[in-house]
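For the sequence shown, our numbering assigns the number 735 to the initial residue and increments by one for each residue that follows.
Glycine is no exception: its CB is placed at the ideal position from the N, C-alpha and C atoms.
Read the structure below first, then the notes.
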Amino acid sequence: MSIIDRVVAAVTPPESEEARSNARAKARAMAGQGDWLAMVLDHHEQVEAAFAAVKAATDPSSRVNAFKKLSTLLTGHSIAEEAALYPAIAKADERGHATKAYTEQSAAKLQMGLLEDLPPMSQEFMDKLEHIEGAVAHHVYEEESNWFLDLKTKTPAADEGKLTKRYQEHFARYMGDDSDI
């Protein structure tokens with residue numbers, strides 16, 4: 735395990751499955767039909783499924799293909815959040831949360847890039863993947879338990895459509911034909 739992996743593991747407190755489930759249920763209750771929050775929550779679930787698919791792959795080729803899908807989805811999702819939602823969080827007087835969110839997502843993208851160079855069936859690959867998954871799960875929990883709930887309550891109703899449109903456009907722009915992963 736690299737020094738970076740150890741740091742990520744040390745600063746990523748694990749939340750219980752119950753806490754994660756409760757946060758997601760509360761966020762789902764606040765989401766509107768097809769709005770930015772509903773899309774984000776759907777993408778979070780897709781990211782979780784993509785991590786599971788990488789771990790479940792039984793040969794190098796299928797693991798590499800599953801990893802590419804995970805990487806594309808995770809990057810498209812993070813770009814959409816960074817371009818549309820994190821500026822709105824900063825505008826809602828939560829600059830600290832926005833800065834932390836950008837930092838966490840940059841670290842995840844960096845680690846995903848490093849993971850590409852490891853043999854896909856190696857224990858080192860799986861260890862790093864699990865560390866990234868843990869960091870992403872913690873980040874998702876922060877978003878679903880308070881950052882996005884605060885944004886939802888602080889955003890004027892007139893701006894909700896704009897946030898939804900911007901999030902959707904940035905996600906689709908990155909994903910291209912893969913936006914329905």
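Item, Value
"Which residues in the same chain have their Cβ closer than 7 Å to the Cβ of leucine 771, if we skip the five residues on either side of it in sequence?", "Ala761, Met764, Ala765, Phe882, Lys886"
"DSSP three-state call for leucine 819: helix, strand or coil?", "helix"
"Can you tell which of Ser750, Leu897, Phe859 has its C-alpha closest to the C-alpha of alanine 791?", "Phe859"
"With DSSP collapsed to three states, give me the class of alanine 826.", "coil"
"With three or more beta-carbon pairs closer than 8 Å as the criterion, would you say the segment 815-827 touches the segment 891-909?", "yes"
"Please determine, among His873, Ala759, Gly830, the residue with the shortest C-alpha to C-alpha distance to proline 917.", "With the chain covering 735 to 915 only, the question about residue 917 has no answer from this structure."
"Do you know whose CA, among Arg797, Glu876, Gln767, lies nearest serine 856's CA?", "Arg797"
"Taking Cβ positions, are alanine 757 and serine 879 nearer each other than 7 Å?", "yes"
"Let me check understanding here. Comparing Cα to Cα, which of Gly810, Lys834, Thr809 lies closest to proline 821?", "Lys834"
"Can you tell me where the alpha helix (DSSP H) with leucine 852 in it begins and where it stops?", "Per DSSP, leucine 852 belongs to no alpha helix (DSSP H) and is neither H nor E."
"If we call anything under 7 Å between Cβ atoms a contact, is alanine 784 one with leucine 807?", "yes"
"Would DSSP call alanine 791 helix, strand or coil?", "coil"
"Buried or exposed: lysine 862, going by 16 or more other Cβ atoms within 10 Å of its Cβ?", "buried"
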